[in-house]
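So the sequence lines, in the order shown, correspond to chains Y and D.
Oh and the first sequence: position 191 is 191 in this note's numbering, straight run, nothing missing.
Oh and the second sequence: position 226 is 1226 in this note's numbering, straight run, nothing missing.
This report refers to the structure that appears directly beneath it.
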Amino acid sequence: MHTKHLELEQVGIDFPTPKGPFTALQDVNLKISKGEFVSLIGHSGCGKSTVLNIVAGLHQATTGGVILDGAEVKQPGPERAVVFQNHSLLPWLTVYKNVELAVKSTMRGKSKNEMRDWIMHNLELVHMTHALDKLPSEISGGMKQRVGIARALAMEPKVLLMDEPFGALDALTRAHLQDSLMEIHADLGNTVIMITHDVDEAVLLSDRIVMMNNGPAATIGEILDIELPRPRDRLALADNKQYNHYRHEVLTFLYDKQKKVETVSSRANQAPTTNKHSQQLAKPSGVSSEKKDAKKSDAA
Amino acid sequence: MSKMTTILRLPSSPSNANSLLSRLYQSTPALLLPVIGLLMFLAIWNGVAKSIDTSLGQFPGPAQVFEQAGALIDEHIAQREKADAFYQRQEARNAARVAQDPTYQPKIREFTGAPTFFDQIWTSLYTVMVGFLIASVVAVPVGILCGLSKSAYTAINPLIQLFKPVSPLAWLPLVTMVVSALYVSDEPAFSKSFVTSAFTVSLCCLWPTLINTAVGVSNIDKDLINVSKVLRLTPFAHLTKIVLPSSIPMIFTGLRLSLGIGWMVLIAAEMLAQNPGLGKFVWDEFQNGSSESLARIMVAVLTIGAIGFVLDRLMLSIQRAVSWDKSSVLR
């Protein structure tokens, strides 16, 4: 919150549709300082992934832009490493080789031994050195995501972008990986932007939670500073008043202020959401419409 | 199989004899059913053949065909012996002339006996492989280009759609004339008929490989492409690390289709153009019109089928060797 590290200024994006351009995002302004952990939360389809993809350089903003350390982001690059939701490891490469590919393409000119040490170091960070020669199909979903994180970290990114990194994992594995992520963040101090649907995850991990309005023309609704001391312990926090207050704030935003009314026209054959009282958003519907989002933007 | 036996050797089957029996029983359907199918085919063939009388005599049954297969092998062995004898005589004659006149340059003449059934098989196999290789060398890169670049695809697609449905046999006269006109050399490394056949095979092997490669490449997981972008992989690394591995299954699907079609077309092309090979063997036997001809043609038919099958299995094992997904069921 002191030095300008990553800035999103007046970011907006239009996707062309047969009926004319569709404004998915508008006037997104955000300043992130070095080492900060920021979560993006919002209903599915509100453009969270689009924001992340713009920062990653995978999408080009129609208006405004992203500035990282004084330079405008124009294309994807390893200094903005992405951890994808479905791990996106190359299925034909072993755990070690997957990380090696990242290291080889970002650390040209290093000696073989240096590279090997660096690969091993990053796999140690995520506790995956026991499965170096396993193919992604031979390890569990949580392990794949660990390797995905190791691959991203191995690029020595200035900003780590995580697109619902734990969304596809079961609750126990997710908790485990959240703890690992907190440790790594404490160790390395990377700047992190993470998309999540999980209110607890957002409050537990973040320094700030960016809550987004519903689209079309989505933008930032509210920003919540989380001033819980680190290191944070999920068990201790369960009864913490402040923690529960933050949770309540996010839930209120999501279910009261931005209550999503699904109309028949927007989503055929689906009743309006009734999960007002549930503590976590319904995952399946969220996942499927994220996918739709991705397709829409791919077509662009 | 070994897994199954270990399971069966668990306490449930105490004695060895018992386990052997149950093993036999377990594996019976897998072994027996194809045999039953084959026997039924032979029985029907035998029955139907007896009731068909052609101008060349009765349609051959399995027994006559088996007999002719033996005869073809004998003929081949006899021809080989003749060839060996010819070369021995030639060598002896040359040696004698050199002994008389040291300045004499001995002439080596090729044995000119008619090619046997097995010579024709070899010619066909060789031709189809060359034609298939030429087609693959062209089709895979062009397919990758079409898969990677939408503009390249849009430009090439009309040509693919136009030429794909054309029977290569329609090309045959054109190919023959072009080869005759352009392939002129005093000492040709390959005969013209070989070049014509191989080229015709190539023309029809192109399309399945090209289309399947293009589809395979264009269907690469978007996330993997994003990974490549984030890593800023060089175009070459993108090709070798991402594009090729993920499209290998589709490329091989195309290659196997191509080889199968190429083998079918080659036989037809050889028959039509009188180019050496199995097709010519079939045509010659048909023109020959002896009472054994039909049985000999039937031997050729079965051989063509068997070779087609072996070629496909060969491609399948190459695919298994180069494919990263060893668990996928390949048929």
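Even for Gly, the Cβ is constructed at its ideal location relative to N, Cα and C.
Note that the structure is predicted; figures quoted are calculated from it, not measured.
For Leu101(Y), the chain D residues whose C-beta falls within less than 9 Å of its own C-beta are Val1227, Leu1231, Leu1233, Ala1237, Lys1241, listed in chain order. Residue-level contact check: Gly77(Y) touches chain D, since one or more beta carbons of chain D fall below 8 Å from its beta carbon. Looking at the backbone, the Cα of Gln85(Y) and that of Leu161(Y) are separated by about 11 Å. Rounded to whole angstroms, the Cβ separation of Leu1294(D) and Thr1054(D) is 7 Å, and the two are in contact under 8 Å. The beta carbon of Leu1172(D) lies closer than 7 Å to those of Thr1200, Ala1269, Leu1272, Ala1273 in the same chain, with the five residues before and after it left out. Not a single C-beta of chain D is nearer than 8 Å to the C-beta of Phe15(Y). Straight-line spacing of the CA atoms in Leu125(Y) and Tyr96(Y) works out to 14 Å.
Rounded to whole angstroms, the separation of the alpha carbons of Val99(Y) and Pro136(Y) is 12 Å. Using a CB distance cut-off of 8 Å, Leu1224(D) counts as an interface residue toward chain Y. Of all residues in the segment 82 to 94 of chain Y, those with a C-beta nearer than 7 Å to a C-beta of chain D are Val82, Phe84, Asn86, Ser88, Leu90, Pro91, Trp92, reading in chain order. Across the structure, Leu1033(D) and Cys1146(D) are spaced so that their CA atoms are roughly 44 Å apart. Contact between Val1230(D) and Pro78(Y) holds, with the beta-carbon distance rounding to 6 Å and staying under 8 Å. Listed in chain order, the positions of the segment 97 to 124 of chain Y with a beta carbon within less than 9 Å of a beta carbon of chain D are Leu101, Ala102, Lys104, Ser105, Thr106. Phe37(Y) and Pro18(Y) have their alpha carbons spaced roughly 38 Å apart. By the C-beta density criterion, Pro1106(D) is exposed, having fewer than 16 other C-beta atoms within 10 angstroms. The C-beta separation of Thr1209(D) from Ala1139(D) comes to about 4 Å, placing the pair in contact by the 8 Å criterion. By the criterion of a C-beta distance shorter than 7 Å, Ile1044(D) is surrounded by no residue of its chain, once the five residues flanking it on both sides are discounted. Around the C-beta of Ile226(Y), 16 or more other C-beta atoms lie within 10 Å, and the residue is accordingly described as buried. Counting other Cβ atoms within 10 Å of its Cβ, Gln60(Y) stays below 16 and is therefore classed as exposed. In this structure, the beta-carbon distance from Gly1277(D) to Ser1124(D) falls below 8 Å.
When Cβ pairs closer than 8 Å are counted between the two stretches, the segment 189 to 204 of chain Y is seen to touch the segment 162 to 179 of chain Y, the count reaching three or more. Separation of the CB atoms of Met128(Y) and Ala150(Y) is rounded to 6 Å, and the pair is thereby assigned contact status at 8 Å.
In the three-state reduction of the DSSP assignment, Ala186(Y) falls in the helix class, which pools H, G and I. If you look at Met143(Y), you'll find it in the alpha helix (DSSP H) that goes 141 to 154.
In its chain, beyond the 5 residues on either side, Pro1106 have a beta carbon closer than 6 Å to the beta carbon of Asn1094(D). For Lys31(Y), the enclosing beta strand (DSSP E) covers residues 20 to 32.
Taking 8 Å as the cut-off, the Cβ atoms of Asn1219(D) and Ile1251(D) do not count as close. In this chain, Phe1059(D) is not harboured by any beta strand (DSSP E), its DSSP state being neither H nor E. For Ala61(Y), the nearest beta carbon of chain D is not closer than 8 Å to its own beta carbon. Assigned with DSSP and collapsed to three states, Ile67(Y) falls in strand. Beta bridge pairing from DSSP links Gly12(Y) with Thr63(Y). Contacts with chain Y at 8 Å (Cβ-Cβ) do not include Pro1249(D). With respect to chain D, the C-beta atom of Ala217(Y) has no partner C-beta closer than 8 Å. Take the alpha-carbon of Ala1237(D) and the one of Leu177(Y): they are about 31 Å apart. With respect to the 8 Å criterion, Ala24(Y) and Gly141(Y) are not classified as neighbours on the basis of their beta carbons. If you check the CB distance, Thr1116(D) and Gln1064(D) do not come in under 8 Å.
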